[in-house]
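Participant:
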Amino acid sequence: MRYLPASRSRATVGAAVVAVLVGCSPAPEPAPPSTPSSSAVAPTTAPETTATVVAPPPPAPPPPAPPAPPVDPPPATTHPVTAAELGASWRPDCPVDPAQLRRINLSHIDFEGQTRRGDLVVHQDLADEVIEIFGELYRMRYPIAKMVTLDHYPGASDEASMEDNNTSAFNCRRIPGSGSWSFHARGRAIDINPVLNPFIDGSGAVEPRNGAPFVDRRRVDAGTLHDGGSAVRAFTDRGWVWGGHWRSPLDYQHFEHR
């Protein structure tokens, strides 16, 4: 058996030991993952937007309420009249007898919008039609200042009645400046609101005198009568003649049935 020298043997053993130690040592740990630098720029996001809320349009206003239906007047009443009841408004030479006349008690609207009762004396042949006409005036709320018979005024004065703005019918009188009987003397004429609707003769004189401000027919005050107006047509549509259509004289208050 051959022996290696001692020095060489020790070197060989040392190398073997180193190799064994190296093989038995643990593997090196992997490097930790890199972390972003604090100076790195953070990712940006789009700014939040606020939605604009559009308010809905306001609701349309409700349609206007329909006008109230016309209100019928309380029933009118018709009565015979006597010479004593007619007083100074009748005399024996009148062209009609009291038996041919009728007193109508009917309703009208006054200038405060209130319902009033009044009286007209008309020819018996026209009584029903007059009730129809004044019913129409009531439904359209045409105002009438006053309505009393002529016997309420001393001597049945037509001038006093007109100045009182009194609406009237029968009065046994002649046409001023004429010998002819007025249609009022036959119970076939009605004067409406005389102050507001004056009489103007050919010379320009005005009756009643307190009606002078209303000669200007551009005025449209309540109670005035105008061509084509509903109140005028309540008469003319039934065949009555309106004095506002005359050339001379002009008689805006006057309606007659021939």
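Just so we're aligned, residue 1 is where the sequence shown starts under full-length UniProt numbering, counting upward by one. Using N, Cα and C, we set each Cβ at its ideal position, and we do this for glycine too.
(1) From which residue to which residue does the alpha helix (DSSP H) around Phe134 run?
(2) With a 10 Å radius around its C-beta and 16 neighbouring C-beta atoms as the bar for buried, classify Pro70 as buried or exposed.
(3) Ala88 and Ala189 - do their beta-carbons sit closer together than 8 Å?
(4) Give the list of continuous beta strand (DSSP E) stretches no shorter than 3 residues that lie fully inside the UniProt domain "Peptidase M15C" (177-256).
(5) Given that a residue counts as buried once 16 or more other Cβ atoms are within 10 Å of its Cβ, and exposed if not, what is Gly187?
(6) Give me the residue from His123, Ala185 and Ala222 with the minimum Cα distance to Gly113.
(7) Give me the Cα-Cα distance between Pro176 and Ser182, rounded to the nearest whole angstrom.
(8) Express the C-alpha separation of Asp128 and Pro95 in angstroms, rounding to a whole number.
(9) Run through DSSP, which three-state label would Pro80 get?
(10) When the distance is taken between beta carbons, is Val215 closer than 8 Å to Pro194?
(11) Using 8 Å as the cut-off, can you tell me whether the stretch 224-234 makes contact with the stretch 118-127, which would need three or more C-beta pairs spanning the two stretches below that distance?
(12) Going along the chain, which residues of its own chain have a beta-carbon closer than 6 Å to the beta-carbon of Thr149, five neighbours each way excluded?
(13) Which residues share a DSSP beta bridge with Asp119?
(14) Give me the DSSP bridge partner(s) of Arg174.
(15) Is the stretch 91-108 touching the stretch 51-62, taking contact as three or more C-beta pairs under 8 Å?
(16) So, using beta-carbon positions, are Pro98 and Ala83 closer together than 8 Å?
(17) Could you please give me the residues that DSSP links to Ser168 through a beta bridge?
(18) Would you list the one or two residues that DSSP bridges to Pro143?
(19) Can you grab the Cα-Cα spacing for the pair His79 / Val130, in whole Å?
(20) Output the distance between the C-alpha atoms of Trp240 and Leu137, rounded to the nearest integer angstrom.
(21) Would you mind working out which of Tyr142, Arg116 and Ser178 sits nearest Gly229, comparing C-alpha positions?
(22) Do you know whose CA, among Glu85, Asp72, Pro249 and Pro58, lies nearest Ser178's CA?
(23) Go ahead and label residue 260 buried or exposed: buried means 16 or more other beta carbons lie within 10 angstroms of its beta carbon, across all protein chains shown.
Facilitator: In short:
(1) Where Phe134 is concerned, the enclosing alpha helix (DSSP H) stretches over Ala127 to Arg139.
(2) Counting Cβ neighbours within 10 Å, Pro70 comes out exposed, since fewer than 16 surround it.
(3) No, these two residues do not count as a Cβ contact at 8 Å.
(4) For secondary structure counted as the beta strand (DSSP E) over 3 or more consecutive residues, the UniProt domain "Peptidase M15C" (177-256) holds these complete runs in sequence order: 189-191 and 254-256.
(5) The residue is buried, with at least 16 neighbouring Cβ atoms inside 10 Å.
(6) Cα-wise, what sits closest to Gly113 is Ala222.
(7) Approximately 9 Å, taken between the alpha carbons.
(8) Pro95 and Asp128 have their C-alpha atoms some 21 Å from each other.
(9) Three-state result, Pro80: strand.
(10) Using a Cβ distance threshold of 8 Å, Pro194 and Val215 do not count as a contacting pair.
(11) Here the stretch 224-234 does not lie against the stretch 118-127, with fewer than 3 beta-carbon pairs under 8 Å apart.
(12) Only Asp119 and Val121 meet the Cβ criterion.
(13) Partner residues in the beta bridge of Asp119, as assigned by DSSP, are Asn105.
(14) Arg174 pairs with Trp181.
(15) No, they do not touch.
(16) Yes, Cβ-Cβ distance for Pro98 and Ala83 is below 8 Å.
(17) Beta-bridge pairing links Ser168 to Asp191.
(18) For Pro143, which the question treats as bridged, DSSP gives the partners Ile109.
(19) If I take the Cα positions, the gap works out to 14 Å.
(20) Trp240 and Leu137 have their alpha carbons spaced roughly 15 Å apart.
(21) Relative to the Cα of Gly229, the nearest Cα in the group Tyr142, Arg116 and Ser178 belongs to Tyr142.
(22) Residue Pro249 is the option with its Cα nearest to Ser178.
(23) The structure shown has nothing for residue 260, since the chain only spans 1 to 258.
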